[in-house]
Each structure stands twice: as C-alpha cells, then as structure tokens.
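Enquirer: Going by UniProt numbering, 83 is the number at position 83 of the sequence shown; the sequence numbering is gapless.
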Amino acid sequence: MAKEENAFVVCPVPMAAAQIFLVTPRSAEPAAFPAVLGAVFAAADIAALLVRRHERSEADYRALVGAVLPVAQDAGCAVLVEDDAALARALGADGVHVSGNFRAIRDALAAVKPDLIVGAGPARTRHEAMTIGELGVDYIFFGDLDQPADAPAREMGAWWSETFEVPAVLSGAAGEDAAGCEFLALGEGFWAGGEPPAVLAARAASALETA
1 MAKEENAFVV
11 CPVPMAAAQI
21 FLVTPRSAEP
31 AAFPAVLGAV
41 FAAADIAALL
51 VRRHERSEAD
61 YRALVGAVLP
71 VAQDAGCAVL
81 VEDDAALARA
91 LGADGVHVSG
101 NFRAIRDALA
111 AVKPDLIVGA
121 GPARTRHEAM
131 TIGELGVDYI
141 FFGDLDQPAD
151 APAREMGAWW
161 SETFEVPAVL
171 SGAAGEDAAG
181 CEFLALGEGF
191 WAGGEPPAVL
201 AARAASALET
211 A
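1) Thinking just about the alpha-carbon of each residue, which of F183, R52, A17 and L69 is nearest to the one in R26?
2) Please report the distance separating the alpha-carbon of G157 from that of P34.
3) Using the Cβ count rule (16 or more neighbours within 10 Å means buried), how would you classify S171?
4) Within the same chain, show all residues whose beta-carbon is closer than 8 Å to that of T210, passing over the 5 residues directly before and after it, in chain order.
5) Can you tell me the Cα-Cα spacing of A111 and F41, whole angstroms?
6) Pick out whichever of P122, A78 and R154 has its Cα sitting closest to the Cα of D115.
7) Going by Cα to Cα distance, which pick from F142, A85 and Q147 is closest to V118?
8) Assuming the contact rule is C-beta atoms closer than 8 Å, I20 and L200 should be a hit. Round their C-beta distance to whole Å, please.
9) Taking Cβ positions, are W160 and A202 nearer each other than 9 Å?
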C-alpha cells in the first residue's frame, strides 16, 4: 500500500519521533475552547485536530467546528470533522475522520478525495486494518478515540507501522511513546482536570518530546 499524495503529510522527523494528533474533549465549547487551543498551539507543533461530535446536535457541532477552525488552521494544524464529509467541505475543514463501517469510508472517499484528508478507525483487528488501508485512506487510527490504547491496540499499531506505508495514529497519553506510529493521539485524558491553558501547553510540549 503506497502512500498517495494528499494533504496529510508525514514530516521528515527522526524515526523515533511522532507528531501530535489532538482529539477534542466532551467539555469543549465554542466560546472558551478556542483560547485553550491557542495556548496549546503556541507551545507545540500539532499536526491534526479531530473535532469529536459526541452527543452534540448538528447546530452545536457546526458551531464548535467553526470556532476552532481558524485557530487551528492559522497554526498549521489540519482540522478533521467526525463522520460528516459534507460538513467538512462546507466549513472548509481539512478532512473527515470516519468511525463507521467500510461503506461509510468508501462514501467519504468518493465525496471529498483528493481535495480533503480521509482517515478512519479505530481498527480493531489486523484484517480490518488491512481492509481499511486498501480502500485508500490517508491514515488509520488504532485504539479508542478518547482514551489511551490498551496493549493489544498498541501492538497492532506497532505492527501496522512496521509493515505498511499508510500512516498510523495511536491513541495514547502525554509521556507515552507512539509505538512506532507516525502520530500519537491525545484525547480526554490530555484535557482532564480543567487545568489552565498554560498547564496544557506545557503538557503538549512534553508530549511532543516523548512521542
């Protein structure tokens, strides 16, 4: 599976390094969250931001995506919408993350490629990962979207990165390595506790050093 030319670029960093892939928390709100993001982006280079929908209504989700888009994109961070290719294109996001089945992935690819990024996951088995990779996605996600990956998911992410060229995103935590994957995803645990932006910024910088 050779990498296609797309907007989701793996930067020329050392083999042991990974880039940071942030995942928004349930607590993210359009009014306050952009300022928090701004502090994090000022402290560390963040490759991508997945805006999780959770239980938000369509209007609330659209408002959140619209609020974080300029902050993230001004920092050179790709913004990914969850499971809504049409919304990603309408709002000017950089891509869509598909958490659904193979048909949903195919539909997203048909709708936005080659203009936008299409990533998918979590992949729960090696067979599922290989099938997703063969569809032509730009990355595959291993582990829970919100929580650090368990041991089997970490092992699968490491196997994938050693074997295939499609980039891998591994869910993890600040202070963890990415098990050879190109991206380390930081979700709920990264944002937990309601720390001020300065603390989160320091955590992001530390995560980038250890990933």
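Each residue gets a CB set at the ideal place from its N, CA and C atoms; glycine is no exception.
Expert: According to the structure data:
1) Here the question's residue 26 lines up with position 26 in the sequence shown. That would be R52, whose Cα lies nearest to the Cα of R26.
2) Position 157 of the sequence shown, counting from 1, holds the residue named residue 157. Position 34 of the sequence shown, counting from 1, holds the residue named residue 34. If I take the Cα positions, the gap works out to 30 Å.
3) The count along the sequence shown starts at 1 and reaches residue 171 at position 171. That one is buried.
4) The count along the sequence shown starts at 1 and reaches residue 210 at position 210. Here the set comprises A174, G175, E176 and D177.
5) If you number the sequence shown from 1, residue 111 lands on position 111. If you number the sequence shown from 1, residue 41 lands on position 41. About 30 Å.
6) Along the sequence shown, one-based indexing puts residue 115 at 115. For D115, the nearest C-alpha among the options comes from A78.
7) The sequence position of residue 118 within the sequence shown is 118, counting from 1. It is A85 whose Cα lies nearest to the Cα of V118.
8) For this step, residue 20 is matched to residue 20 along the sequence shown. For this step, residue 200 is matched to residue 200 along the sequence shown. Contact doesn't hold; Cβ gap of about 12 Å is too wide.
9) Position 160 of the sequence shown, counted from the start, is the residue given in the question as residue 160. Position 202 of the sequence shown, counted from the start, is the residue given in the question as residue 202. No, these two residues do not count as a Cβ contact at 9 Å.
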